[in-house]
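Numbering (the UniProt record's numbering), first residue to last: 1 to 456.
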């Protein structure tokens with residue numbers, strides 16, 4: 001049973017009424033920006049804006065000057081002296097920056113591996129505009145954070161100062177650096193603080209040695225990633241006890257794997273299975289991502305945006321996305337329907353108030369085709385081809401989807417491209433306008449019709 005927590009309920013009400021949403025309800029899939037003419041920039045819907053700054057070890061001689069720069073536009077809420085273990089530093093850098101976890105990052109050589117200063121700051125008057133990030137891509141960025149980082153780097157040199165560009169990146173990085181409980185204590189203290197006392201932390205990123213529990217992992221994911229658990233989430237602890245695999249859809253596979261501290265299982269770089277540790281045991285995340293062809297990319301994006309919450313902890317698909325994605329998986333991506341899926345699909349179909357005849361025969365080919373064809377075509381979703389070739393494809397049933405666009409095979413697409421290129425080339429135009437060639441074509445067609453057996 002899906003339960004929406006109180007903060008999310010208040011956030012939905014505030015959004016519906018056009019008011020500011022309490023930042024306690026933040027989750028990345030809900031983040032929206034609107035243009036504000038009064039500041040000639042963009043604002044998000046949350047009532048507060050936080051950013052973070054990291055002064056890496058090589059920039060530590062400039063601590064005081066960098067803090068002065070930050071304080072020009074921000075209120076400093078928390079300061080932490082963090083020390084990572086030498087043997088885990090490279091892995092920490094890879095996770096923080098969303099890189100593949102292969103232990104090959106050279107970030108430590110540029111910024112140092114000694115203790116660093118982590119600062120949490122609040123922008124009382126946030127303004128977002130499009131700016132280029134360190135990767136060269138343009139994204140909506142808090143202009144005050146960008147300005148402070150630029151000044152700090154000019155002072156310290158190189159990339160020895162890190163900052164968040166936006167509130168989404170703030171929550172992701174902060175949750176990994178100090179954990180969700182300590183983060184909430186800084187953002188929402190039980191009583192007002194007269195001064196900021198620097199706290200010392202000697203620990204690697206959260207989850208570095210494995211996750212104490214699934215609850216700890218879900219708490220970080222709620223702040224750090226756009227994701228949903230696609231299916232079998234009704235009793236996740238019970239399910240992984242017998243089959244430790246969780247199927248998820250994420251915005252980005254690599255970033256999700258970095259956050260949950262998961263590496264490709266058996267070194268399968270191109271696969272979807274990633275392994276991490278929870279409560280001392282291995283848990284496999286089968287990570288699908290937007291654009292991987294597992295489902296239509298538009299549908300994947302909608303699933304993330306429409307997500308619901310299970311017990312206020314786990315992101316899951318909305319009930320209609322749950323039903324149709326499970327039916328899609330069971331009928332189009334499996335050679336046979338798992339017996340456990342039949343009652344589950346029937347129960348979801350009843351909740352959606354589908355016709356009784358479809359409910360009773362929901363996993364039969366005829367009923368499944370009518371349901372999927374109507375849903376997919378009605379939303380403008382297609383049936384793509386998965387990048388992961390291990391995903392089964394039930395072509396016999398897919399071919400019965402008469403209203404839904406089916407992505408062609410690579411061979412068919414290439415043949416069509418060659419035809420179009422030839423047809424609209426200069427030689428193709430000349431051939432099409434040739435009386436001799438057209439006459440020959442019509443002659444051959446008449447001969448074929450004459451030789452074709454007559455119907456009785």
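Glycine included, every Cβ here is placed at the ideal spot set by N, Cα and C.
Treat the numbers as computed from the prediction; the structure is a model and nothing was measured.
Can you tell which of 79, 48, 72 and 46 has its C-alpha closest to the C-alpha of residue 55?
As a working mapping, residue 55 is identified with position 55 in the chain shown. Out of 79, 48, 72 and 46, 79 has the C-alpha closest to the C-alpha of residue 55.
Can you name the residues that DSSP bridges to residue 41?
Start at 1 with the first residue of the chain shown, and residue 41 comes out as number 41. Per DSSP, 36.
Taking DSSP's pairing of strands, which residues face residue 308 in a bridge?
The residue you call residue 308 lines up with position 308 of the chain shown. 316, per the DSSP bridge assignment.
Measure the C-alpha to C-alpha separation of residue 328 and residue 372 and round it to an integer number of angstroms.
Against the chain shown, residue 328 aligns to sequence position 328. Against the chain shown, residue 372 aligns to sequence position 372. Between the C-alpha atoms of residue 328 and residue 372 there is a straight-line separation of about 7 Å.
CB contact flag (residue 284, residue 252, <8 Å):
Position 284 of the chain shown holds residue 284. Position 252 of the chain shown holds residue 252. For residue 284 and residue 252, no; Cβs fall outside 8 Å.
Determine the DSSP secondary structure at residue 376, reduced to helix, strand or coil.
Counting from one through the chain shown, the residue named residue 376 turns up at place 376. Helix.
Considering only C-alpha positions, which residue in the set 357, 403, 361 and 187 is nearest to residue 375?
Counting from one through the chain shown, the residue named residue 375 turns up at place 375. Nearest to residue 375 by alpha-carbon distance, out of 357, 403, 361 and 187, is 403.
Which residues mark the beginning and the end of the alpha helix (DSSP H) in which residue 104 is found?
Residue 104 sits at position 104 when you count from the first residue of the chain shown. Looking at the DSSP string, residue 104 is not in any alpha helix (DSSP H), and its letter there is neither H nor E.
Touching or not, the segment 316-324 and the segment 237-244, by the rule of three or more beta carbon pairs under 8 Å?
Short answer: they don't touch.
Using 8 Å as the threshold, is the C-beta distance between residue 289 and residue 250 below it?
On the chain shown, residue 289 is found 289 positions in, with the first residue counted as 1. On the chain shown, residue 250 is found 250 positions in, with the first residue counted as 1. Yes; because the gap between Cβ atoms is below 8 Å, this pair is in contact.
Endpoints, alpha helix (DSSP H) assigned at residue 191:
Mapped onto the chain shown, residue 191 falls at position 191. Note, residue 191: premise wrong, no alpha helix (DSSP H); not H, not E.
Using DSSP with H/G/I as helix, E/B as strand and the rest coil, what is residue 180?
Your numbering for residue 180 matches position 180 in the chain shown. Correct three-state label for residue 180: helix.
Please state the DSSP three-state secondary structure of residue 389.
Numbered from its first residue, the chain shown carries residue 389 at position 389. The answer is coil: DSSP assigns residue 389 none of H, G, I, E or B.
I need the straight-line Cα distance from residue 297 to residue 39, nearest angstrom please.
In the chain shown, counting from the first residue as 1, residue 297 sits at position 297. In the chain shown, counting from the first residue as 1, residue 39 sits at position 39. Rounded to the nearest whole angstrom, the CA to CA distance from residue 297 to residue 39 is 34 Å.
State the DSSP-derived secondary structure class of residue 336, mapped to helix, strand or coil.
Within the chain shown, residue 336 is the residue found at index 336, counting from 1. When secondary structure is reduced to three states using DSSP, residue 336 falls in the coil class, being assigned neither helix nor strand.
Secondary structure of residue 440, DSSP reduced to three states:
In the chain shown, residue 440 corresponds to position 440, counting from 1. In this structure, DSSP gives residue 440 a helical state, which the three-state scheme calls helix.
Please classify residue 504 as buried or exposed, where buried requires at least 16 neighbouring CB atoms within 10 angstroms.
Nothing about residue 504 can be read from this structure; the chain reaches only from 1 to 456.
For residue 439 and residue 447, the rounded distance between their alpha carbons:
Counting from 1 along the chain shown, the entry for residue 447 is found at position 447. Counting from 1 along the chain shown, the entry for residue 439 is found at position 439. Straight-line Cα distance between these residues: approximately 12 Å.
8 Å CB neighbourhood of residue 348 in its chain, flanking five on each side removed
As a position in the chain shown, residue 348 is number 348, starting the count at 1. 319, 322, 323 and 326, listed in sequence order.
Do you know how far the Cα of residue 127 is from the Cα of residue 146?
The residue given as residue 146 occupies position 146 in the chain shown. The residue given as residue 127 occupies position 127 in the chain shown. Using only the alpha carbons, I get a separation of about 11 Å.
Would you mind reading off the limits of the alpha helix (DSSP H) that contains residue 252?
Walking along the chain shown from the start, residue 252 turns up at place 252. Unbroken run through residue 252: none, as it is neither H nor E.
Rounded to whole angstroms, what is the Cα-Cα separation between residue 104 and residue 177?
Within the chain shown, the letter at position 104 stands for residue 104. Within the chain shown, the letter at position 177 stands for residue 177. Residue 104 and residue 177: Cα-Cα distance of roughly 20 Å.
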